[in-house]
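**Q**
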Amino acid sequence: MAHVCNSSLSPIRLQMSNTFYEAAGQNWFTLDSVHIHYNWTQEATFNASEVYAPATSSYHCQHVSSLHKYDTLLVPSSHTDTSANWHITFTDFQIQAFNVQSDKFASASDCATFLTPAILMGLVTSLILLLVLAYALHMVVHLKVLDVLASPSEKVHDPNVKGQGQPRRP
1 MAHVCNSSLS
11 PIRLQMSNTF
21 YEAAGQNWFT
31 LDSVHIHYNW
41 TQEATFNASE
51 VYAPATSSYH
61 CQHVSSLHKY
71 DTLLVPSSHT
81 DTSANWHITF
91 TDFQIQAFNV
101 QSDKFASASD
111 CATFLTPAIL
121 MGLVTSLILL
131 LVLAYALHMV
141 VHLKVLDVLA
151 SPSEKVHDPN
161 VKGQGQPRRP
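Counting from 1, position 79 in the sequence shown corresponds to residue 79 in UniProt numbering; the numbering is continuous, with no gaps.
#1: Can you list, in chain order, the residues of its chain with a C-beta nearer than 6 Å to that of Ala-108? Leave out the 5 residues immediately preceding and following it.
#2: Helix or strand or just coil, what does DSSP make of Ser-107?
#3: Quick check on this structure: which residue in Ala-97, Asp-92, Asn-27 and His-63 has the alpha carbon closest to the alpha carbon of Gln-15?
#4: Counting Cβ pairs, one atom from each stretch, are 3 or more of them under 8 Å apart for the segment 111-123 and the segment 21-35?
#5: From the DSSP secondary-structure annotation, give me the bridge partner or partners of Met-16.
#6: If distances are taken between C-alpha atoms only, which option among Thr-19, Thr-45, His-37 and Glu-22 comes closest to Ser-10?
#7: Going straight from the alpha carbon of Leu-131 to that of Val-34, what length do you get?
#8: Hey, Ala-48 and Leu-74 are a contact pair by Cβ (cut 8 Å); roughly how many whole angstroms apart?
#9: Express the C-alpha separation of Ser-126 and Phe-46 in angstroms, rounding to a whole number.
#10: For Ser-102, count neighbouring C-beta atoms within 10 Å of its own C-beta (all shown protein chains included) and say buried if the count is 16 or more, exposed if not.
#11: Just to confirm the assignment, what range does the beta strand (DSSP E) spanning Thr-45 have?
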């Protein structure tokens with residue numbers, strides 16, 4: 001895989017919008033599209049409508065990419081232009097469109113969800129282990145002591161065995 005991004009050859013333009021949502025009661029910014037120009041002759045445009053955050057925050061994501069292995073956040077805008085031939089990935093991507101103060105990012109709205117596959121598998125495994133332990137505790141609590149084991153001097157009568165419990169004749 002060749003890296004072709006060189007600031008003099010491949011300028012990248014990010015198109016963003018700022019929208020007020022009444023349900024949230026605040027402005028949110030959205031990264032609408034990413035435009036890449038290569039050698040000023042080819043342009044690739046990707047829609048990025050899944051990249052959004054409150055206007056007072058920044059947006060952070062470990063991978064913003066057009067690849068499926070990174071949860072495709074960048075989608076080619078059209079299959080007829082050259083963007084379908086491009087795959088781009090921004091690693092450790094952070095952006096803030098508005099309300100930038102002191103040239104520093106505000107607190108980030110991260111793209112990673114709380115319930116990642118690793119966390120879900122840990123929760124499921126813990127639940128299974130908890131159920132097994134609860135069943136084992138239930139079985140231990142309901143153990144009953146057999147009278148046979150309490151006094152070993154007594155003879156045990158088993159009705160399935162013939163001749164048991166009858167006195168032997170000399």
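Where a beta carbon is used, it is the ideal one built from N, C-alpha and C, also for glycine.
**A** Judging by the given coordinates:
#1: Ser-58 and His-60
#2: coil
#3: Ala-97
#4: no
#5: Leu-31
#6: His-37
#7: 49 Å
#8: 5 Å
#9: 41 Å
#10: exposed
#11: 42-47
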